[in-house]
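The letter at position 58 of the sequence shown is residue 214 when you use the numbering used here, and the numbering goes up by one with no holes.
Even for Gly, the Cβ is constructed at its ideal location relative to N, Cα and C.
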Amino acid sequence: MSGDKNCIAENIRAIITKTGVKQKTITERSGFSENDFSNLLNGRKLIRSEYIVPIANALGVTPNDLFAVGDNEKSRQGSGQRV
């Protein structure tokens with residue numbers, strides 16, 4: 157289960173990096189404080205199911221994109237990008 161949480165946080169960070177959207181913008185759009193959002197990404201706060209949709213909406217992706225396993229890593233490796 158903790159692997160799932162890490163995967164979600166990693167996917168959120170990857171999407172933020174890919175889109176270039178500032179973390180502050182995501183927090184404003186999703187309704188989190190900057191501190192709470194940082195704690196979610198760093199594993200200090202549990203990513204609860206009710207957080208998924210607001211975060212996905214703030215990032216402009218689907219909730220499924222936050223759960224994607226392998227696809228992001230393969231595309232990063234294939235494109236030569238280093239994350």
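So, is residue i buried or exposed, given that buried needs 16 or more other C-beta atoms within 10 angstroms?
i    : result
N167 : buried
Q237 : Caution applies to Q237, whose pLDDT of 42 falls short of 50 and renders its modelled position unreliable; the model cannot decide the point.
T183 : buried
Near residue i, what residues of its chain come up, given a Cβ to Cβ distance below 7 Å and the 5 sequence neighbours on each side ignored?
i    : result
S231 : Residue confidence is low: S231 scores 44 on pLDDT, short of 50, so the model does not pin down where it sits. Its coordinate-derived value is still stated next. Within the same chain, S231 has no close Cβ partners at all.
P219 : I208, V209 and A212
S241 : What is shown of the chain runs 157 to 239, which leaves residue 241 out entirely.
Spatial neighbours of residue i within its chain, please: CB distance less than 6 Å, with the 5 preceding and 5 following residues excluded, ordered by chain position.
i    : result
L196 : I203
S205 : none
Going by C-alpha to C-alpha distance, which of the options sits closest to residue i?
i    : options                   : result
T181 : L222, F223, V225 and G216 : G216
S194 : R185, S186, E206 and Q179 : Q179
Can you tell me where the alpha helix (DSSP H) with residue i in it begins and where it stops?
i    : result
A212 : S205 to L215
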